[in-house]
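*Asks:* Numbering (this note's numbering), first residue to last: 94 to 376.
For every residue, glycine included, the Cβ atom is placed at its ideal position computed from N, Cα and C.
Nothing here was measured: the structure is a model prediction, and the numbers come from that model.
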């Protein structure tokens with residue numbers, strides 16, 4: 094009876110289908126919504142996983158709040174319930190590891206990442222998340238190994254390459270960072286995020302204004318609704334002395350800011366204009 098869950102755009106919208114009746118929950122999430130959903134599907138491990146994901150996202154949005162730790166512990170309980178039903182669920186193992194890391198249980202976090210990798214050592218998300226975890230605890234040599242592995246796995250994403258490129262930049266390897274930026278633009282030519290980050294890199298590290306502007310404009314062309322991309326372009330124009338052009342971009346930012354819901358200002362129009370199709374994919 095459970096037809097599926099689909100998460101899009103950092104879980105701004107959450108859709109389910111139950112007995113042919115669509116039930117929708119949109120952020121900000123409310124406890125009553127979660128309770129209602131859990132009551133309907135209380136016997137499904139997917140529910141515990143999904144409830145944990147929602148709680149983890151709410152904890153991230155409460156960064157610095159006294160409620161953050163409480164939300165993280167709630168998320169842990171949800172993932173534990175999910176794993177009690179299906180112990181070899183790779184997604185729940187990863188999320189358990191993520192949450193443990195946030196509350197400073199480093200060795201337990203490492204254990205759950207390794208358990209996820211033991212199920213599929215070539216899972217792109219597991220490799221990427223473990224690499225990021227290792228970089229955070231300063232195990233840079235091992236982190237690089239897993240970043241490289243993540244970039245070769247099927248299912249690698251723009252974020253995988255960009256995080257690895259940033260890691261290389263922090264380690265002082267600008268040349269490798271440049272190669273990764275070039276590769277992500279080549280593999281994902283229609284990604285606004287890839288072009289936006291490429292533009293920032295070419296301007297700040299390679300001092301190539303012309304190439305940076307090309308990528309900024311391509312990013313805006315691909316996703317004209319992104320205030321983040323427009324703000325990056327505005328800063329670039331100010332720094333390069335293109336004051337008139339910068340004024341036009343500032344006007345675009347103000348116009349978008351007045352018409353966008355604060356939760357959805359960076360979501361492409363194609364995702365906002367109509368409900369998403371149901372899918373059994375979830376992260």
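Which one of 267, 295, 265 has the shortest CA to CA distance from residue 278?
*Replies:* Among 267, 295, 265, the Cα nearest to that of residue 278 is on 295.
*Asks:* Taking residue 326 as the reference, give the member of 315, 310, 159 with the closest Cα.
*Replies:* The shortest Cα separation from residue 326 among 315, 310, 159 belongs to 310.
*Asks:* According to the Cβ coordinates, are residue 227 and residue 239 closer than 8 Å?
*Replies:* Going by C-beta atoms, residue 227 is nearer than 8 Å to residue 239.
*Asks:* What three-state label does DSSP hand residue 143 in the structure shown?
*Replies:* Of the three classes helix, strand and coil, the one that applies to residue 143 here is helix, per DSSP.
*Asks:* As a quick exercise: from 247, 274, 248, pick the residue whose alpha carbon is nearest that of residue 260.
*Replies:* For residue 260, the nearest C-alpha among the options comes from 274.
*Asks:* For residue 173, count neighbouring C-beta atoms within 10 Å of its own C-beta (all shown protein chains included) and say buried if the count is 16 or more, exposed if not.
*Replies:* So residue 173 counts as exposed.
*Asks:* Determine the burial state of residue 181: buried for a count of at least 16 other Cβ atoms within 10 Å of its Cβ, exposed for fewer.
*Replies:* Residue 181 should be labelled exposed.
*Asks:* Have a look at 142, 340, 187, 270 and flag the residue whose alpha-carbon is nearest the alpha-carbon of residue 175.
*Replies:* Looking at the Cα atoms, 142 is the closest of the given residues.
*Asks:* Quick one: using the 10 Å Cβ neighbour count with 16 as the cut-off for buried, is residue 265 buried or exposed?
*Replies:* Its Cβ having fewer than 16 others within 10 Å, residue 265 is exposed.
*Asks:* Given a cut-off of 8 Å, decide if residue 312 and residue 292 are closer than it, judged by their beta-carbon atoms.
*Replies:* A contact, by the Cβ cut-off of 8 Å.
*Asks:* Please state the DSSP three-state secondary structure of residue 160.
*Replies:* Coil at residue 160, not helix or strand.
*Asks:* Reducing DSSP to helix, strand and coil, say where residue 242 ends up.
*Replies:* In the structure shown, residue 242 sits in a helix (DSSP, three-state: H, G or I).
*Asks:* Whole alpha helix (DSSP H) runs in the region 231 to 300 with 4 or more residues, listed along the chain?
*Replies:* Whole alpha helix (DSSP H) segments, 4+ residues: 233 to 245, 251 to 263, 267 to 280, 285 to 297.
*Asks:* Taking Cβ positions, are residue 323 and residue 345 nearer each other than 8 Å?
*Replies:* Going by C-beta atoms, residue 323 is nearer than 8 Å to residue 345.
*Asks:* Looking at residue 220: is its Cβ nearer than 8 Å to the Cβ of residue 246?
*Replies:* Result yes, Cβ atoms of residue 220 and residue 246 sit closer than 8 Å.
*Asks:* What do you get for residue 288, buried or exposed, if any count of 16 or more other CB atoms within 10 angstroms of its CB means buried?
*Replies:* Classification for residue 288: buried.
*Asks:* Can you tell which of 160, 177, 205, 188 has its C-alpha closest to the C-alpha of residue 145?
*Replies:* Nearest of 160, 177, 205, 188 to residue 145, Cα basis: 188.
*Asks:* Mapping DSSP to helix, strand and coil, what is residue 183?
*Replies:* Helix, per DSSP.
*Asks:* Out of 237, 250, 205, which has the shortest C-alpha to C-alpha gap to residue 218?
*Replies:* Answer by Cα proximity: 250.
*Asks:* Could you give the first and the last residue of the continuous alpha helix (DSSP H) run that contains residue 305?
*Replies:* Residue 305 -> alpha helix (DSSP H) spans 302 to 315.
*Asks:* Looking at the unbroken alpha helix (DSSP H) that takes in residue 328, where does it start and where does it end?
*Replies:* Where residue 328 is concerned, the enclosing alpha helix (DSSP H) stretches over 320 to 332.
*Asks:* Regarding residue 318 and the ligand GDP, is the C-beta to nearest heavy atom distance less than 7 Å?
*Replies:* The ligand GDP is absent from the structure shown, which contains no ligand whatsoever.
*Asks:* On a CA-only basis, which of 236, 185, 290, 224 is nearest residue 212? Give me that one, please.
*Replies:* With distances taken between Cα atoms, residue 212 lies closest to 185.
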